Amino acid sequence: MLKKLCVVGTIFAGLTMGNSALAAEVETETTITNISVLSEVSSVTPGIATATAGKKITCSSKINAKNPIVGSPTATATSTASASEDAISAKVRVYNSKGGLQGSKEDKQSYSKYAGATYTSKSGSMPSKAFGNHNYIKKNYKTIRHETVDKF
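Residue numbers for the sequence shown follow my numbering, so the first one is 875 and each next one is one higher.
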């Protein structure tokens, strides 16, 4: 159940679940709360200095958890921006059904439009949820932080 979604910037994100569409609430905080069904987030952040005023960058964050019939469960977090960021990162964290952390991976890039991290579960217990943490940092722009989640 999606109760509240807060993202920095001026956005109106349409999220889809099955055949129904959910609208995201826009606020000025950089937090996302109760996102038990959210696996993708996008933000548009305008420049905040005179040199970048009016220029907008779209930041898209995704998490994808897969449990194949053959092979190990994997989770991939990706962070993508429409322009090169000073720093961009994607971190994936995988938890079991009891809430214990099974493992994590992180990718940090400088002066790039993309970061992605994949964690493959090697433990005997089945993973339950995967969380993605995404950061976008660019001089003269607001810093964007997203958290996404997907179930196995």
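Beta carbons: idealized from backbone N, C-alpha and C, even for Gly.
Values in this document were obtained by computation on a predicted structure and should not be read as measured data.
Beta carbon of residue i nearer than 8 Å to that of residue j
i, j, result
"Tyr1010", "Ile937", "no"
"Ala1004", "Ala949", "yes"
"Ser946", "Lys965", "no"
"Thr919", "Lys1016", "yes"
Outcome for residue i when other beta-carbon atoms lying within 10 angstroms are tallied against a minimum of 16
i, result
"Ile943", "exposed"
"Lys929", "exposed"
"Asn1007", "buried"
"Lys1013", "exposed"
"Val1023", "buried"
"Tyr985", "exposed"
"Ser997", "exposed"
"Ser995", "buried"
"Ser917", "buried"
"Gln976", "buried"
"Ile1018", "buried"
Anticipated Cβ contact below 8 Å, residue i with residue j, distance rounded
i, j, result
"Ser935", "Ser953", "5 Å"
"Phe1026", "Ser999", "About 11 Å; that fails the 8 Å criterion."
"Ile931", "Ala951", "That belief does not hold up - the Cβ atoms of Ile931 and Ala951 are roughly 19 Å apart, past 8 Å."
Let me know the beta strand (DSSP E) ranges lying completely inside the segment 933-990, each 3 residues or longer, listed in chain order. You should have 948-970.
Enumerate, from N- to C-terminal direction, the unbroken beta strand (DSSP E) stretches of 3 or more residues contained entirely within the segment 1000-1026. Fully enclosed beta strand (DSSP E) runs of 3 or longer: 1001-1011, 1018-1025.
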